[in-house]
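Asks:
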Amino acid sequence: KELQIRISFSLDGPPEINDELRGGGRTILENWRRMKANGTKAGTIGLIQPRNWNRMKEVLHFFHEEGLHDVCLNLMVPDGRGKNLDAATADKLFEAKKLVLDYMLKTEGQSVVDATLFNAMKRFVKCNGAPSSSGQHGCDSLYCQGGQSLYSVNPNGQFYSCDRIAENSAWAMGDVNTS
Numbered sequence: 001k002e003l004q005i006r007i008s009f010s011l012d013g014p015p016e017i018n019d020e021l022r023g024g025g026r027t028i029l030e031n032w033r034r035m036k037a038n039g040t041k042a043g044t045i046g047l048i049q050p051r052n053w054n055r056m057k058e059v060l061h062f063f064h065e066e067g068l069h070d071v072c073l074n075l076m077v078p079d080g081r082g083k084n085l086d087a088a089t090a091d092k093l094f095e096a097k098k099l100v101l102d103y104m105l106k107t108e109g110q111s112v113v114d115a116t117l118f119n120a121m122k123r124f125v126k127c128n129g130a131p132s133s134s135g136q137h138g139c140d141s142l143y144c145q146g147g148q149s150l151y152s153v154n155p156n157g158q159f160y161s162c163d164r165i166a167e168n169s170a171w172a173m174g175d176v177n178t179s
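Mapping of the sequence shown onto the numbering used here: position 89 corresponds to residue 89, and the numbering continues sequentially without gaps.
(1) Pull up the DSSP beta-bridge partners for Ile5, would you.
(2) What span of residues does the beta strand (DSSP E) with Ala42 cover, start to end?
(3) In angstroms, rounded to a whole number, what distance separates the CA positions of Met104 and Lys98?
(4) Near Met56, which residues of its chain fall below 7 Å by C-beta distance, leaving aside the five closest residues on each side in sequence?
(5) Quick check on the DSSP output: the alpha helix (DSSP H) that includes Asp102 runs from which residue to which?
(6) Can you name, in chain order, every residue of its own chain whose Cβ lies under 8 Å from the Cβ of Ser134, other than the five neighbours on each side?
(7) Could you name the residues of the same chain whose beta carbon sits closer than 6 Å to that of Pro14, not counting the 5 residues immediately before and after it, in chain order?
(8) Pull up the distance between the alpha-carbon of Ser8 and that of Ile45, whole angstroms please.
(9) Rounded C-beta distance between Leu25 and Leu11? I'm assuming under 8 Å.
(10) Please name the residue in Gly67, Leu21, Ile48, Ile5 whose C-alpha comes closest to that of Arg34.
(11) Let me know if Thr178 comes out buried or exposed under the rule of 16 or more other beta-carbons within 10 Å of its beta-carbon.
(12) With distances taken Cα to Cα, identify the nearest neighbour of Asn52 among Ile28, Ile17, Lys41, Gly39.
(13) Cα separation between Met76 and Leu93?
(14) If you follow the beta strand (DSSP E) that Val71 is in, where does it begin and where does it stop?
(15) Given this structure, state the Cα-to-Cα distance separating Cys72 from Leu21, to the nearest angstrom.
(16) Look at the Cβ atom of Val112, then the Cβ atom of Leu60, and state whether they are nearer than 8 Å.
(17) Can you tell me which residues form a DSSP beta bridge with Asp114?
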């Protein structure tokens, strides 16, 4: 807390949906609940991917019930564990993102907010006095934030400059489990 490090974790929905592609959903959820009880704030990075694109209502309901309101729902890039999956079609991905946007509008931003959509909307209405998005982190920034303001720790404790390379142990910068 005193170092102001922002923590985020990857979760694509309830454990049974998350585990269809990633695994470890129950452990992630237990850790989130411990952080919440401890007053530690954390964000959620989820993927809209072939296994959940048509279950966004269920995903959003789960996030809301768990108090996971600060989310970033990225579109899956076929790499890592998902590199052999067929990508969802553009129509399916659009349908999923539209459902998320409709949800955000319906709840007036008082529940789950997808940062990718929120930041896109801020850029769209920038001329109307919207807040600056220059402090963004991650892949929505103009320049890569890997190793600057973005870091990733995989479930095994290996430390990376970016979550997109966290599947390749040769690119690990270290391990949080060793001194």
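We treat Cβ as the ideally placed atom computed from N, Cα and C, and that holds for glycine.
Replies: Reading from the atomic positions:
(1) Counting from 1 along the sequence shown, the entry for residue 5 is found at position 5. According to DSSP, which records beta bridges pairwise, Ile5 is partnered with nothing at all.
(2) One-based indexing of the sequence shown puts residue 42 at position 42. That run of the beta strand (DSSP E) goes 42–48.
(3) As a position in the sequence shown, residue 104 is number 104, starting the count at 1. As a position in the sequence shown, residue 98 is number 98, starting the count at 1. For Met104 and Lys98, the distance between alpha carbons rounds to 10 Å.
(4) Position 56 of the sequence shown, counted from the first residue, corresponds to residue 56. Ala96, Leu99, Val100.
(5) Taking the first residue of the sequence shown as position 1, residue 102 is located at position 102. Run containing Asp102: 90–106, per the alpha helix (DSSP H) assignment.
(6) Numbered from 1 along the sequence shown, position 134 holds the residue referred to as residue 134. With a pLDDT of only 43 at Ser134, under 50, the local geometry of the prediction cannot be trusted, and the value read off the model is given with reservation. Contacts found: none.
(7) Here residue 14 is taken as the residue at index 14 of the sequence shown, counted from 1. Excluding sequence neighbours, Pro14 sits near Phe62.
(8) Along the sequence shown, one-based indexing puts residue 8 at 8. Along the sequence shown, one-based indexing puts residue 45 at 45. Roughly 7 Å between the two C-alpha positions.
(9) Residue numbering aside, residue 25 sits at position 25 when the sequence shown is read from its first letter. Residue numbering aside, residue 11 sits at position 11 when the sequence shown is read from its first letter. Note on residue identity: the sequence assigns Gly, not Leu, to residue 25. Yes, Gly25 and Leu11 are in contact; Cβ-Cβ is about 7 Å, under 8 Å.
(10) Start at 1 with the first residue of the sequence shown, and residue 34 comes out as number 34. Comparing Cα-Cα distances from Arg34 to each of Gly67, Leu21, Ile48, Ile5, the minimum goes to Gly67.
(11) Here residue 178 refers to the residue found at position 178 when the sequence shown is read from its first residue. Classification for Thr178: exposed.
(12) For the purposes of this step, residue 52 is taken as the residue at position 52 of the sequence shown. Checked all of Ile28, Ile17, Lys41, Gly39; the closest Cα to Asn52 is Ile17.
(13) Residue 76 sits at position 76 when you count from the first residue of the sequence shown. Residue 93 sits at position 93 when you count from the first residue of the sequence shown. Each residue's Cα considered, the two are about 9 Å apart.
(14) In the sequence shown, residue 71 corresponds to position 71, counting from 1. Start and end: 70–75.
(15) Within the sequence shown, the letter at position 72 stands for residue 72. Within the sequence shown, the letter at position 21 stands for residue 21. Roughly 17 Å separates the two Cα atoms.
(16) Taking the sequence shown and counting its residues from 1, the one referred to as residue 112 is at position 112. Taking the sequence shown and counting its residues from 1, the one referred to as residue 60 is at position 60. Cβ distance < 8 Å, so Val112 and Leu60 count as in contact.
(17) The residue given as residue 114 occupies position 114 in the sequence shown. Asp114 pairs with Val71.
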